[in-house]
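Worksheet for the structure shown next.
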Amino acid sequence: KAGVTQTPRYLIKTRGQQVTLSCSPISGHRSVSWYQQTPGQGLQFLFEYFSETQRNKGNFPGRFSGRQFSNSRSEMNVSTLELGDSALYLCASSSQGYEQFFGPGTRLTVL
Amino acid sequence: GQQVMQIPQYQHVQEGEDFTTYCNSSTTLSNIQWYKQRPGGHPVFLIQLVKSGEVKKQKRLTFQFGEAKKNSSLHITATQTTDVGTYFCGGSGNTGKLIFGQGTTLQVKP
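Read top to bottom, the protein sequences are chains H and E. Just so you know, the working numbering puts the end of the first sequence at 474, numbered straight through with nothing missing. Just so you know, the working numbering puts the end of the second sequence at 1358, numbered straight through with nothing missing.
Here you go:
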């Protein structure tokens, strides 16, 4: 089976812009979670989608949003980018809420 | 809300020494998972613990889940350079949300 794929792998934006990140889960996996990883902060949970519905949400401002499509692919959007949004954004898919399979991540740099 | 703390944040050991990282949750967990992230890579699943007091072994790695299901530990015996990376614990409560600790970064000197 193909693994979790994320596009783009690298992104450079300026403050105030918005960005959309994409995640394609492993075939058959209906749950997709998003995490923000920064040095020293570990993996901060953003949200989880299951069958096109947001099932769980972390403690991030409303500028961070996501959605899931009928084919389980998911997108994450960040509006009005801030310098502090620079991070590695990881998505992970899972089946039955068991182990998470992580993608390679999208490295976002905000200038 | 649910918080997961992990200590230490960093650990440097000489090859052959043992290593332990500890994970503590503010709430009782349904299960706990452990992941390893190699430098430049993404987290990879190691194991899931579900039962109170559960102990599981994978070669030189020993995982424990506390009796109260609020803490866990990962112990590596006789570290090797291939053990280098960041180890994360992630706990799920009754919401099903998987919350990770900050991770412990292990450096092994040959």
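Ideal Cβ positions, reconstructed from N, Cα and C, are used throughout, including at glycine.
_At the 8 angstroms Cβ level, is E:Gly1349 part of the contact set with chain H, yes or no?_
Residue mapping note: residue 1349 of chain E aligns to position 101 of the second sequence, counting from 1. For E:Gly1349, the answer is yes, since a Cβ of chain H falls inside 8 angstroms of its Cβ.
*For a contact meaning CB atoms closer than 9 angstroms, what does E:Lys1299 contact in chain H?*
Locating residue 1299 of chain E in the second sequence gives position 51, where the first residue counts as 1. What E:Lys1299 touches in chain H: nothing, since even the nearest Cβ is about 15 angstroms away.
*Using the beta-carbon of each residue, which ones in chain E are nearer than 7 angstroms to H:Glu462?*
The sequence position of residue 462 of chain H within the first sequence is 99, counting from 1. Chain E residues near H:Glu462: Gln1281, Phe1293, Gln1296.
*Does DSSP put H:Leu471 in a helix, a strand or coil?*
Reading the first sequence from its first residue, position 108 is the one you call residue 471 of chain H. It is a strand residue.
*Which chain E residues are close to H:Gln399, counting only those with a beta carbon under 7 angstroms from its beta carbon?*
Within the first sequence, residue 399 of chain H is the residue found at index 36, counting from 1. Within chain E, no residue comes near H:Gln399; the closest Cβ sits about 11 angstroms away, beyond 7 angstroms.
*Within the present structure, is the beta-carbon of E:Lys1284 separated from the nearest heavy atom of the ligand FAD by less than 7 angstroms?*
By its list of ligands, the structure shown contains no ligand whatsoever, and the ligand FAD lies outside what it can speak to.
_Tell me which residues share the same chain as H:Leu444 and place their Cβ nearer than 7 angstroms to its Cβ, disregarding the 5 neighbours each side in the sequence._
Against the first sequence, residue 444 of chain H aligns to sequence position 81. Correct list, in chain order: Lys376, Arg378, Gly379, Gln380, Gln381, Val382, Val473.
_I need the boundaries of the beta strand (DSSP E) containing H:Arg418, first residue and last residue._
On the first sequence, residue 418 of chain H is found 55 positions in, with the first residue counted as 1. That run of the beta strand (DSSP E) goes 416-420.
*Verify whether the separation of the beta carbon atoms of H:Tyr398 and H:Gln404 is less than 8 angstroms.*
As a first step, residue 398 of chain H must be located in the first sequence, where it is residue number 35. As a first step, residue 404 of chain H must be located in the first sequence, where it is residue number 41. Against a cut-off of 8 angstroms, the Cβ pair of H:Gln404 and H:Tyr398 comes out as no contact.
*For H:Leu446, count neighbouring Cβ atoms within 10 angstroms of its own Cβ and tell me buried if that reaches 16, exposed if not.*
By 1-based counting over the first sequence, the position of residue 446 of chain H is 83. So H:Leu446 counts as exposed.
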